[in-house]
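Peer 1: This is the structure, below, for whatever I ask next.
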Amino acid sequence: MKSEIKEELNPESVKSEPLSVQDLHELYDPIKDQIEERLAEFQRIWETASDEDLFREMVFCLLTPQSKARICWRAVERLERKCLIASGEPCQVQEELVGVRFNQRKAEYVCLARSMFSHRSLRTTLAGFPSHAAAREWLVANVLGLGYKEASHFLRNIGLGEDLAILDRHILKNLALLGVIDKVPESPTKRRYIEIERQMTAFSSQAGIPMGQLDLLLWYKEAGEIFK
1 MKSEIKEELN PESVKSEPLS VQDLHELYDP IKDQIEERLA EFQRIWETAS
51 DEDLFREMVF CLLTPQSKAR ICWRAVERLE RKCLIASGEP CQVQEELVGV
101 RFNQRKAEYV CLARSMFSHR SLRTTLAGFP SHAAAREWLV ANVLGLGYKE
151 ASHFLRNIGL GEDLAILDRH ILKNLALLGV IDKVPESPTK RRYIEIERQM
201 TAFSSQAGIP MGQLDLLLWY KEAGEIFK
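Under the UniProt record's numbering, the very last position in the sequence shown is 228; numbers go up by exactly one each time.
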């Protein structure tokens, strides 16, 4: 199963000045410690979190397509306060998704995922894969609402996916500005997603900025903060 919510990408939207590796490092060097600490926090989630904690991060990533991360996290916090992540009906979940686009469909995704992991441990399931990429393939195939971007985001946020690319529109735009890709794809296929991920991995090595840090750096460039 794949996400039915497509990222709205406009190939003509990349109008900014090209970026160089030097430009990146001028942005990266002052905030490197903050980025490393954020990634360490994600790693601690995997080391210490319960299944419920892990599922909360999955809910967040199910909500994020075409919606602002801060708004989605506030919605998750409301759901948690009202005990709706564990037991809410789709209509109850939807009421708390204020400001989240496609909230009816996403509420259904949350409840379907909860039903799936009520019969199996999310932690045990993820720990059973030989690689982060293999875990992502399983998530995309089995959790409705998680495409490659959302599954990569979820795994990174629980400390399992620093080597995976989270190719949202902001990252793709900046990869084009850096010359890593020729243009921003409207809706990347699986093959194109993996190809861009490989190109981003090669660039991160060339630039001397690890993949997980590069993602947060480019997100910071667009949003002005280091979040999730």
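All C-beta atoms in this analysis are idealised placements derived from N, C-alpha and C, irrespective of residue type, glycine included.
Could you give the distance in angstroms between the alpha-carbon of residue 34 and the alpha-carbon of residue 131?
Peer 2: Near 27 angstroms, if we compare the C-alpha coordinates of residue 131 and residue 34.
Peer 1: Taking residue 165 as the reference, give the member of 19, 143, 190 and 144 with the closest Cα.
Peer 2: Out of 19, 143, 190 and 144, 190 has the C-alpha closest to the C-alpha of residue 165.
Peer 1: Tell me which same chain residues have a C-beta within less than 8 angstroms of the C-beta of residue 157, skipping the five on either side of it?
Peer 2: Result list for residue 157: 42, 45, 57, 60, 61 and 228, in chain order.
Peer 1: Straight-line CA distance for residue 129 to residue 17?
Peer 2: Distance between the alpha carbons of residue 129 and residue 17 is about 41 angstroms.
Peer 1: What residue from 134, 212, 48 and 200 has the CA that sits closest to residue 172's CA?
Peer 2: Comparing Cα positions, the closest option is 200.
Peer 1: Closest to residue 160 by CA distance: which of 136, 221, 169 and 75 is it?
Peer 2: Cα-wise, what sits closest to residue 160 is 136.
Peer 1: Please state if the CB of residue 120 and the CB of residue 54 are separated by a distance shorter than 8 angstroms.
Peer 2: No. Outside cutoff.
Peer 1: Would residue 75 and residue 63 qualify as a contact pair, given that the criterion is a beta-carbon distance under 8 angstroms?
Peer 2: Against a cut-off of 8 angstroms, the Cβ pair of residue 63 and residue 75 comes out as a contact.
Peer 1: State the DSSP-derived secondary structure class of residue 82, mapped to helix, strand or coil.
Peer 2: Here residue 82 sits in coil by DSSP.
Peer 1: If we ignore side chains and look at the alpha-carbon of each, how far apart do residue 126 and residue 147 end up?
Peer 2: Going from the Cα of residue 126 to the Cα of residue 147 covers about 16 angstroms.
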